[in-house]
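Peer 1: Numbering (the working numbering), first residue to last: 663 to 854.
Here a beta-carbon is modelled for each residue, glycine too, at the ideal position from N, C-alpha and C.
Just so we're clear, the structure is a prediction, and the values are computed from it rather than from any experiment.
Quick one: structure below, then a few questions.
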Amino acid sequence: MTARGAGVDHVGITVPDLDAASSLFVRLLGARSLYRRAFPADPARPESAEPADPARPTDPARAGGLSRQLAVHPDATFRVERLRLAGTDLELWEWHAPDQATAVPRVCDLGGAHLAFEVADVAATAEAFRAEPGVRVLGEPQTLGADHPLAGRVWIYVLLPWGTAVELVSPSPREAIEAQAESEAVSRPRRS
């Protein structure tokens with residue numbers, strides 16, 4: 663069975679400092695915090711110092727042990743904050759684990775990714791990011807050419823202090839994208 667109409671609920675990224683990352687998204691992109699939680703050592707481990715509390719319902723993230731649910735080290739702990747940015751939710755995770763890798767993949771590496779945020783003024787937003795300590799703005803704003811489905815759209819990439827790639831983009835001509843996708847779907851021969 664294929665999920666129809668499924669959409670993106672949220673995007674999660676790991677950051678080294680939850681407070682600093684949250685502050686950056688709030689100040690520069692207008693995000694607002696929906697909630698923040700902290701999780702100590704995994705209570706499913708027998709040597710855990712955290713006693714079970716029968717009056718407290720089991721948190722789904724802990725059901726069956728965090729290490730089994732998320733494939734992390736059994737001694738991993740984290741804090742998480744969920745932010746809302748123009749209708750999209752972003753989860754920031756600050757993990758601490760004995761076996762934590764700290765190398766951040768580039769956008770061209772396996773596992774590499776980027777977050778794209780639509781902003782009213784790409785150049786002004788890029789300058790605000792450029793003023794942030796540890797942020798690298800890569801090059802100058804670029805405009806997509808007439809041969810591109812998003813012709814006229816302006817974009818630039820930014821590397822956040824912890825390595826996450828962010829793309830700042832001007833508002834999208836969504837109608838043009840949808841019209842092109844529909845046209846391509848109609849012109850494709852059907853398989854029997």
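Put Leu800 into one of helix, strand or coil per three-state DSSP.
Peer 2: Residue 800 sits at position 138 when you count from the first residue of the sequence shown. Three-state DSSP puts Leu800 in a strand.
Peer 1: Only counting the same chain, and skipping five residues up and downstream in sequence, which positions put a Cβ closer than 6 Å to that of Val769?
Peer 2: Taking the first residue of the sequence shown as 1, we reach residue 769 at position 107. Result list for Val769: His776, Ala827, in chain order.
Peer 1: Could you check where the beta strand (DSSP E) with Ala778 kicks off and where it finishes?
Peer 2: For the purposes of this step, residue 778 is taken as the residue at position 116 of the sequence shown. Per DSSP, Ala778 belongs to the beta strand (DSSP E) from 776-780.
Peer 1: Check each candidate in Trp757, Arg694, Tyr819, Thr739 and name the one with the smallest Cα separation from Val784.
Peer 2: Sequence index remark: in the sequence shown, residue 784 carries index 122 (1-based). Per the Cα distances, Tyr819.
Peer 1: Output the distance between the C-alpha atoms of Ser738 and Leu754, rounded to the nearest integer angstrom.
Peer 2: As a working mapping, residue 738 is identified with position 76 in the sequence shown. As a working mapping, residue 754 is identified with position 92 in the sequence shown. According to the sequence as given, residue 738 is Ala; it is not Ser. In a straight line, the C-alpha of Ala738 is about 16 Å away from that of Leu754.
Peer 1: Where does Ser832 sit, in a helix, a strand or coil, going by DSSP?
Peer 2: Counted from its first residue, the sequence shown places residue 832 at position 170. In the structure shown, Ser832 sits in coil (DSSP, three-state: anything other than H, G, I, E or B).
Peer 1: Which stretch, first to last residue, makes up the beta strand (DSSP E) that contains Ala700?
Peer 2: Residue 700 sits at position 38 when you count from the first residue of the sequence shown. Per DSSP, Ala700 belongs to the beta strand (DSSP E) from 694-701.
Peer 1: Three Cβ pairs or more, each shorter than 8 Å: is that satisfied between the stretch 753-767 and the stretch 727-744?
Peer 2: As far as the Cβ criterion goes, the stretch 753-767 touches the stretch 727-744, which means the pair count is three or higher.
Peer 1: According to DSSP, is Gly669 helix, strand or coil?
Peer 2: On the sequence shown, position 7 is the one that residue 669 refers to. Three-state result, Gly669: coil.
Peer 1: Put Val734 into one of helix, strand or coil per three-state DSSP.
Peer 2: Stepping through the sequence shown from its first residue, residue 734 is reached at position 72. DSSP places Val734 in coil when its eight states are reduced to three.
Peer 1: With DSSP as the reference, label Glu794 as helix, strand or coil.
Peer 2: The residue labelled residue 794 in the question sits at position 132 within the sequence shown. Correct three-state label for Glu794: coil.
Peer 1: In whole angstroms, what is the alpha-carbon distance linking Ala693 and Thr787?
Peer 2: Locating residue 693 in the sequence shown gives position 31, counting from the first residue. Locating residue 787 in the sequence shown gives position 125, counting from the first residue. The straight-line gap from Cα to Cα measures roughly 14 Å.
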